[in-house]
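Peer 1:
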Amino acid sequence: MQTHLNDNCPKAPNSAKTKSTEILESPVPSINETSSQSFVTKKSKKNLKTFKLPNRKKLANELLDDVFDEVKAECNEQILQAKSLTIVSDGWSDINRESVQNFVIYTPKPLFFDAIYSGDESHIAIWVAEKIIQQMNIIGCNSHIINLLIGDILKIDQIKTVMKNAKKLYLHDGARTHLTCLQSIQKSKTAIEQALMDTIIHQNIDSTLQNYVL
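Written out as structure tokens, the structure is:
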């Protein structure tokens with residue numbers, strides 16, 4: 007420090023140079039390593055007195071189940087929040103050389119979802135497809151849910167009546183889209199009513215359809 011001040015800081019006062027040198031040359035009090043270790047050891051022993059390690063049985067049963075439930079709940083939450091899911095399945099063998107089929111969900115982050123022992127079953131396409139469908143039923147499929155919901159709605163009597171009428175009108179208007187068909191009927195309502203009043207047409211058109219239009 008003294009050399010640096012003399013060579014690079016010629017304008018520094020002599021009192022500063024002397025003071026800096028005295029500070030650097032003063033002895034630094036050392037830390038007693040033995041006393042430090044002794045403090046840590048005593049503190050650890052004191053804390054360990056109130057902590058009892060679980061035995062093997064508790065680790066393998068109660069605590070393991072608790073951790074499994076916690077991790078499973080976290081995985082389910084991530085799957086629930088995901089915008090899209092992909093199921094990946096693969097077969098492997100455990101340490102006992104028993105066949106296992108695992109299922110990983112990508113959210114796109116990979117999450118281990120389930121594993122099943124296949125036993126003597128061969129991992130053929132039909133078997134794997136059945137197991138994947140089982141996992142899909144557990145997770146749920148939005149498209150399938152919507153399909154089931156629409157199916158239930160169509161079972162309502164009022165909706166069934168609307169669909170029945172719409173189908174009859176649609177069949178007599180050619181192969182167009184539903185929207186185009188309804189727009190065409192609205193525009194041609196007067197012409198259709200007048201046509202149905204014709205004697206020949208009136209005799210050849212189904213009476214139920216006439217009631218819908220007239």
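Numbering (our numbering), first residue to last: 7 to 220.
Glycine is no exception: its CB is placed at the ideal position from the N, C-alpha and C atoms.
(1) Would the region 118-128 count as touching the region 91-109 if we require 3 or more Cβ pairs under 8 Å?
(2) Span of the beta strand (DSSP E) holding ASN108?
(3) Report all residues from its chain with a CB closer than 6 Å to the CB of PHE74; omit the five preceding and five following residues, and keep chain order.
(4) How is the beta strand (DSSP E) around ALA201 delimited, first residue to last?
(5) So LEU117 and ILE85 are in contact, right, with Cβ under 8 Å, and what is the actual spacing, rounded?
(6) Label ILE111 either buried or exposed according to how many other C-beta atoms from any shown protein chain fall within 10 Å of its C-beta, with 16 as the threshold for buried.
(7) Measure the C-alpha to C-alpha separation of THR167 and ALA79 and round it to an integer number of angstroms.
(8) Is it the case that the Cβ atoms of ASP120 and GLN87 are separated by a distance below 8 Å?
(9) Excluding sequence positions up to five away, which residues of its chain have a Cβ less than 6 Å from the Cβ of ILE145?
(10) If PRO60 and LEU70 are in contact, beta carbons under 8 Å, what's the gap, nearest whole angstrom?
(11) With PHE109 and SER95 assumed to form a contact (beta carbons below 8 Å), what rounded beta-carbon distance in angstroms separates them?
(12) From ASP179 to SER190, what does the alpha carbon distance come to, in whole angstroms?
(13) Jot down the residue ranges of each uninterrupted beta strand (DSSP E) in the region 111-140, minimum 3 residues, whole runs only, in chain order.
(14) Run through DSSP, which three-state label would GLY157 get?
Peer 2: To lay it out plainly:
(1) Short answer: they touch.
(2) Segment 105-112, the beta strand (DSSP E) holding ASN108.
(3) For PHE74, there are no CB contacts under 6 Å within the same chain when 5 residues up- and downstream are skipped.
(4) Counting along the chain, no beta strand (DSSP E) covers ALA201; the unbroken alpha helix (DSSP H) around it starts and ends at 195-202.
(5) That belief holds up - the Cβ atoms of LEU117 and ILE85 are roughly 7 Å apart, short of 8 Å.
(6) So ILE111 counts as buried.
(7) If you take the alpha carbons of THR167 and ALA79, they lie about 45 Å apart.
(8) No, they are not a contact pair.
(9) Within the same chain, ILE145 has no close Cβ partners at all.
(10) The distance from the Cβ of PRO60 to that of LEU70 is about 10 Å, inconsistent with a contact at the 8 Å cut-off.
(11) 5 Å between Cβ atoms; contact.
(12) The predicted position of ASP179 is uncertain, since its pLDDT is 47 and thus under 50; a value taken from the coordinates is nonetheless stated next. Distance between the alpha carbons of ASP179 and SER190: 9 Å.
(13) Entirely contained in the region 111-140, the beta strand (DSSP E) runs reaching 3 residues are, in chain order, 116-123.
(14) Three-state result, GLY157: helix.
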